[in-house]
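Before any comments, here is the structure.
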Amino acid sequence: MAVQTKRHFKANGKLLLTGEYLVLNGAISLALPCKLGQSMNINERPGSEIIWKAYDRKGNLWFSAKFDLMAFEPTKASDNDLANSIQQLLRGACRQNSEFLSQWRKYTVDTYLEFDLEWGLGSSSTLVWLVAQWAEVNPYILLFDTFGGSGYDIACADADGPVLYQLLEDELHIDGAGFNPSFKDNLYLVYLGRKQSSKEALKNYHQTKATLNGSVDKVSRLTESINTAKSLKEFESLVQEHERIVSNIIGLPTVQSNEFSDYWGCVKSLGAWGGDFVLATSDRSTEETKQYFNAKGMNVVFKYDELILG
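Residues are numbered in the numbering used here as their position in the sequence shown, beginning at 1, plus a constant of 84.
Below, the structure written as structure tokens:
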């Protein structure tokens with residue numbers, strides 16, 4: 085009887101509360117791991133191929149592919165771009181660990197998302213982390229060697245609470261943030277209803293790096309102050325200052341001035357501006373707060389503790 089090996093891994097999704105864009109230039113950033121993430125099951129049997137199936141949060145198959153074991157070439161795929169991205173990850177993992185997938189086996193890989201693909205909570209970053217765990221390699225090296233980015237999302241993948249993250253030229257600093265404000269019940273996470281391309285946003289940002297003028301240090305200090313804010317009023321003031329700094333750098337209006345000028349609380353972009361989630365503060369009831377965003381067609385509204393770990 086053939087021996088079958090099974091493995092299972094789980095990664096957290098992510099949101100970036102402070103330091104968007106500037107995290108790439110060494111700013112200390114406050115990253116939030118999400119309760120919703122992605123899991124991966126791997127079964128090994130006799131054979132010589134990889135069969136990959138990806139399921140969305142409703143259990144529907146949204147991607148499938150087959151890869152050979154020589155160069156991980158996709159022999160069949162429902163989405164060629166995604167198949168090529170997976171091939172890139174598998175090759176990157178093998179560069180770190182030459183023993184990975186070196187045995188002639190049939191690998192059945194099933195991944196399961198717990199959040200909507202459009203939400204921008206890290207379908208790519210969780211995949212990087214999952215493949216790294218499977219291959220027993222460094223997930224940061226795998227990310228930098230393949231997809232690129234700052235790596236804060238990798239830090240969130242196995243964190244049990246908010247993280248202070250700093251990417252320097254030759255090292256990473258990753259520390260528990262201890263962000264657990266007394267006003268958590270006044271914080272909401274709202275999906276704007278449109279997916280933002282992180283790669284495109286970063287491409288545009290790289291064109292403006294010469295205009296930073298001390299903003300990295302300012303944002304680092306703001307991150308540390310936001311992390312320890314004692315009141316909702318103090319938190320809102322710090323968040324608004326953070327928004328002004330980033331707005332000046334990237335040349336875009338703040339999301340609040342652009343879309344929520346009539347809102348009674350504070351609204352802050354999270355991650356790449358112009359899409360995905362925003363953070364909203366509110367001193368009014370949950371019902372009234374949700375009604376405001378629902379009236380704008382934004383029906384995905386989480387209270388902080390519903391979505392964020394720790």
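Glycine included, every Cβ here is placed at the ideal spot set by N, Cα and C.
Supposed contact pair residue j and residue i - C-beta distance, whole angstroms, cut 8 Å
i: Thr-307; j: Leu-114; result: 5 Å
i: Tyr-139; j: Tyr-196; result: 5 Å
i: Tyr-249; j: Val-107; result: 7 Å
i: Leu-201; j: Ser-208; result: Their Cβ separation, rounded to whole angstroms, is 10 Å, which puts Leu-201 and Ser-208 out of contact at 8 Å.
i: Cys-118; j: Leu-205; result: 6 Å
i: Ile-134; j: Val-193; result: 6 Å
i: Phe-93; j: Ser-123; result: 7 Å
i: Val-330; j: Tyr-105; result: 6 Å
i: Ala-177; j: Lys-160; result: The Cβ separation is near 21 Å, so there is no contact.
Nearest candidate by alpha-carbon position, reference residue i, set the options
i: Lys-406; options: Ile-135, Gly-131 and Ile-392; result: In the structure displayed, the chain extends from 85 to 394; residue 406 sits before or after that span and is not available.
i: Arg-278; options: Gly-358, Ser-331, Leu-116 and Val-351; result: Gly-358
i: Gly-381; options: Leu-120, Gly-121, Val-274 and Ala-243; result: Val-274
i: Tyr-236; options: Ile-329, Leu-116, Asp-389 and Phe-386; result: Leu-116
i: Ser-309; options: Gly-103, Gly-97 and Phe-344; result: Gly-103
i: Lys-352; options: Ala-364, Asp-360 and Lys-190; result: Ala-364
i: Arg-189; options: Thr-89, His-257 and Lys-137; result: Thr-89
i: Phe-156; options: Asn-164, Gln-172, Asp-163 and Arg-141; result: Gln-172
i: Gly-355; options: Trp-218, Gly-298 and Thr-338; result: Thr-338
i: Asp-163; options: Ala-177, Lys-137 and Gly-232; result: Lys-137
i: Ser-234; options: Phe-319, Glu-255 and Thr-373; result: Glu-255
i: Val-247; options: Ser-315, Ala-261, Gly-176 and Gly-298; result: Ala-261
Per-residue burial, residue i [other beta carbons within 10 Å of its own, 16 or more giving buried]
i: Met-154; result: exposed
i: Ala-86; result: Confidence is the limiting factor: at Ala-86 the pLDDT is only 48, short of 50, which leaves the residue's position unreliable and the question unanswerable from this model.
i: Leu-252; result: exposed
i: Pro-130; result: exposed
i: Glu-327; result: buried
i: Asn-270; result: buried
i: Thr-370; result: exposed
i: Thr-210; result: buried
i: Leu-142; result: One point to set straight first is that residue 142 is Lys, not Leu, in the sequence displayed. It counts as exposed.
i: Trp-348; result: exposed
i: Gln-291; result: In this prediction, Gln-291 has a pLDDT of 43, which is less than 50 and means its spatial position is unreliable; what the coordinates show is noted afterwards. Answer is exposed; the Cβ neighbour count stays below 16.
i: Asn-383; result: exposed
i: Asp-165; result: exposed
i: Ser-341; result: exposed
i: Leu-145; result: exposed
i: Leu-97; result: Note that residue 97 corresponds to Gly in the displayed sequence, not to Leu. It is buried - the Cβ of Gly-97 has at least 16 other Cβ atoms within 10 Å.
i: Ser-281; result: Reliability fails at Ser-281, whose pLDDT of 49 lies under 50, so the model's placement of it is uncertain and the value that follows must be treated cautiously. So Ser-281 counts as exposed.
The alpha helix (DSSP H) enclosing residue i, as first and last residue numbers
i: Trp-203; result: Trp-203 -> no alpha helix (DSSP H), and no H or E assigned at all.
i: Glu-220; result: First-last for Glu-220: undefined, no H or E at that position.
i: Leu-391; result: 388-391
i: Asn-269; result: The sequence given here has Asp at residue 269, not Asn. Here Asp-269 belongs to no alpha helix (DSSP H), and DSSP marks it neither H nor E.
i: Leu-185; result: Neither: Leu-185 is in no alpha helix (DSSP H) and is coded neither H nor E.
i: Ala-177; result: 164-180
Endpoints, beta strand (DSSP E) assigned at residue i
i: Ile-135; result: 133-139
i: Gln-122; result: 113-130
i: Gly-97; result: 89-100
i: Lys-105; result: Before going on, a small fix: residue 105 reads as Tyr here, not Lys. Here Tyr-105 belongs to no beta strand (DSSP E), and DSSP marks it neither H nor E.
i: Ala-161; result: 158-161
i: Leu-145; result: 145-152
Legend entry - In chain order, each beta strand (DSSP E) run of at least 3 residues that lies wholly inside the segment 290-375: 351-353 and 361-365
Inset, instruction - Any chance you could list the beta strand (DSSP E) runs of at least 3 consecutive residues sitting entirely within the segment 236-263, in chain order? - result: 247-251 and 256-260
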